[in-house]
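So the sequence lines, in the order shown, correspond to chains S and A. Every number in our numbering is 74 more than the matching position in the first sequence, counting from 1. Every number in our numbering is 74 more than the matching position in the second sequence, counting from 1. Every residue, glycine too, gets a C-beta built ideally from N, C-alpha and C. Encoded as structure tokens, the structure appears first; notes follow it.
Protein chains: 2
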Amino acid sequence: MDARTQALFEARAKIIKAMAHPTRLFIVDQLSKTERCVADLTDAIGVDMSTVSKHLSVLKEAGIIEDRKQGVQVYYRLRTPCVLNFFTCVESVLRGEIQESIEPLKKS
Amino acid sequence: MDARTQALFEARAKIIKAMAHPTRLFIVDQLSKTERCVADLTDAIGVDMSTVSKHLSVLKEAGIIEDRKQGVQVYYRLRTPCVLNFFTCVESVLRGEIQESIEPLKKS
DNA sequence: GCACTATTTGGCTATTTTGCCAAATAACGA
DNA sequence: TCGTTATTTGGCAAAATAGCCAAATAGTGC
Chain S
75 MDARTQALFE ARAKIIKAMA HPTRLFIVDQ LSKTERCVAD LTDAIGVDMS
125 TVSKHLSVLK EAGIIEDRKQ GVQVYYRLRT PCVLNFFTCV ESVLRGEIQE
175 SIEPLKKS
Chain A
75 MDARTQALFE ARAKIIKAMA HPTRLFIVDQ LSKTERCVAD LTDAIGVDMS
125 TVSKHLSVLK EAGIIEDRKQ GVQVYYRLRT PCVLNFFTCV ESVLRGEIQE
175 SIEPLKKS
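Put into structure tokens, the structure is as follows:
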């Protein structure tokens, strides 16, 4: 793998890595409904606010979410909602569905 | 977040985590074209074969790929090609496209 | 200015992940 | 059986990640 390809896949991995944590997935799920401030998310998740803040900065750094300041509060929202499509595929992987397989259903 | 929700998002994260590495993304990309044996992939990637084998087992464990033994060789193929949809979204995140935003393009 | 609240940052430890090497396993043919 | 090749596994050290606490920063109102 040449350096150029390496760099491409590293850039891609960075985005997916940002999604690769239960808390961050939960945050994305929450933000798919409406924007939320850090305190809201902290209440919903139940870990230290500083931890939530760090998860948010990972997602923001990756370009998945963006923030908006309103007074002392910072509201986060989804920037690229297409990440929600991940869930659809993840669910079918979890259900163990084999796609485009020769044998879609084995009865025996 | 209650234990049930926690478990759900952990299960989801496990799948996404399996994709969250440049080498593993490269493998998935390779397997999207055709099935490949470990030696093929090792040549294409350029790391130790044992490392490739471990990456493959992560992907297999997650249910993303499956294998087929042919003599001494083990051929891997994509089990759930929907993971390729990740790339489409990842590319638009990389291009910095804001989706469903109030201001789709700022000219100033 | 001070006090108060919301959020971020720094620092620390614990845990997880990565990738190499060497050894083990498996399949094949002589 | 032995030798060879393809792959996996075990073990280890280096690096990355996670989450807590405490401290710093920022905004608001007095």
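request  = With a threshold of 16 other CB atoms inside 10 Å of the CB of V126 (chain A), please say whether the residue is buried or exposed.
outcome  = Burial call: buried.
query = Any idea what DSSP makes of E140 (chain S), helix, strand or coil?
reply = If DSSP states are grouped into helix, strand and coil, E140 (chain S) belongs with the strands.
message = Closest to Q104 (chain A) by C-alpha separation, out of A:L152, A:Q80, A:T79 and A:G137, would be which residue?
response = With distances taken between Cα atoms, Q104 (chain A) lies closest to A:L152.
message = Residues in the same chain with beta-carbon distance under 7 Å from F160 (chain A), minus the five sequence neighbours each way, listed in chain order, please.
response = For F160 (chain A), where only same-chain residues beyond five positions count, the Cβ hits under 7 Å are M93.
ask   = Along chain A, which residues have their Cβ under 9 Å away from the Cβ of I139 (chain S)?
value = Simply none; closest approach about 11 Å.
inquiry  = For the beta strand (DSSP E) containing V112 (chain A), name the first residue and the last one.
reply    = That residue, V112 (chain A), is in no beta strand (DSSP E); its alpha helix (DSSP H) goes V112 to I119.
message = From the DSSP secondary-structure annotation, give me the bridge partner or partners of L105 (chain S).
response = Per DSSP, none; premise fails for L105 (chain S).
message = Contact criterion: CB-CB distance below 8 Å. Does Q80 (chain S) meet it with respect to chain A?
response = Residue contact check for Q80 (chain S) against chain A: a CB pair falls below 8 Å.
query = For T154 (chain A), does the count of other Cβ atoms within 10 angstroms reach 16, so buried, or fall short, so exposed?
reply = Buried is the label assigned to T154 (chain A), since at least 16 other Cβ atoms lie within 10 Å of its Cβ.
key: Same chain only: Cβ atoms within 8 Å of V183 (chain A), ignoring 5 sequence neighbours per side   = No answer is possible for residue 183 (chain A): the residues shown for chain A start at 75 and end at 182.
request  = Buried or exposed for K91 (chain A), please, with buried defined as at least 16 other CB atoms from any protein chain shown within 10 angstroms of its CB.
outcome  = It is buried - the Cβ of K91 (chain A) has at least 16 other Cβ atoms within 10 Å.
request  = Determine the extent of the alpha helix (DSSP H) in which V164 (chain A) is found, giving its start and end residues.
outcome  = Per DSSP, V164 (chain A) belongs to the alpha helix (DSSP H) from N159 to L168.
request  = Following the continuous beta strand (DSSP E) through D151 (chain S), name the residue where it begins and the one where it ends.
outcome  = Inspection of the sequence shows that residue 151 (chain S) is occupied by Arg rather than by Asp. Element bounds for R151 (chain S): Q147 to L152.
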